[in-house]
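**Student:** In full-length UniProt numbering, the protein residues as written are 1 to 101.
Backbone N, C-alpha and C fix where the C-beta goes; we use that ideal spot for every residue, glycine too.
Since the model is a prediction, treat every value here as computed from it, not as a measurement.
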Amino acid sequence: MTARIYKPAKTAMQSGTAKTKRWLLEFEPERPREVEPLMGWTSSSDMRQQVKLWFDTKEEAVAYATRNGIPYRVEEPKEPARRPMSYSDNFKFSRVAPWTH
C-alpha cells in the first residue's frame, strides 16, 4: 500500500491559510469502497484509509515513511497564481467596463 505525502490545499470555504502549512501522510485506498446492501452505506474493509499523520516538514514525513518501510510518493505543492490588484483599480479611467453603483 502506497502512502501519499503532500501539503493540502485550502478548501473553497476558507479565506485564510489554516491547515495548509503542515505536510500530510495518508494511505491510498487498496480496494474501492463497496455499497452495503441493507442500508446503502458505503463501506470499506481497508483500515489504513482512516490513518492521517501530520508533520511539520516534508523531511519528517519522508523519514517516518522510510523508517517504517512504507512506500511513498511526494507531491510538491503548487503555488497559487496571484494577480495583484488594488482597490483603486476599480475606479481607473482606463477601466474596460464602466463603474456604476
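Tell me which same chain residues have a C-beta within less than 8 Å of the C-beta of T42, skipping the five on either side of it?
**Tutor:** Here residue 42 corresponds to residue number 42 of the sequence shown, with the count starting at 1. Once the five neighbours on either side are set aside, the close Cβ partners of T42 are R33, E34, V35 and E36.
**Student:** State yes or no: is the C-beta of K78 within less than 8 Å of the C-beta of W23?
**Tutor:** Here residue 78 refers to the residue found at position 78 of the sequence shown. Here residue 23 refers to the residue found at position 23 of the sequence shown. No, Cβ-Cβ distance for K78 and W23 is not below 8 Å.
**Student:** State the DSSP-derived secondary structure class of S86, mapped to helix, strand or coil.
**Tutor:** In the sequence shown, counting from the first residue as 1, residue 86 sits at position 86. Of the three classes helix, strand and coil, the one that applies to S86 here is coil, per DSSP.
**Student:** DSSP beta-bridge partners for V96?
**Tutor:** Numbered from its first residue, the sequence shown carries residue 96 at position 96. Partner(s): none; V96 has no beta bridge.
**Student:** Taking Y87 as the reference, which of R95, P80 and M39 has the closest Cα?
**Tutor:** The residue given as residue 87 occupies position 87 in the sequence shown. Taking only the C-alpha atoms, the option nearest Y87 is R95.
**Student:** Per DSSP, what are the beta-bridge partners of W54 in this structure?
**Tutor:** As a first step, residue 54 is located in the sequence shown; it is residue number 54 there, counting from the start. Looking at the DSSP assignment, W54 forms a beta bridge with L24.
**Student:** Quick one: give me the first and last residue of the beta strand (DSSP E) that A3 is part of.
**Tutor:** By one-based count along the sequence shown, residue 3 stands at place 3. Where A3 is concerned, the enclosing beta strand (DSSP E) stretches over A3 to Y6.
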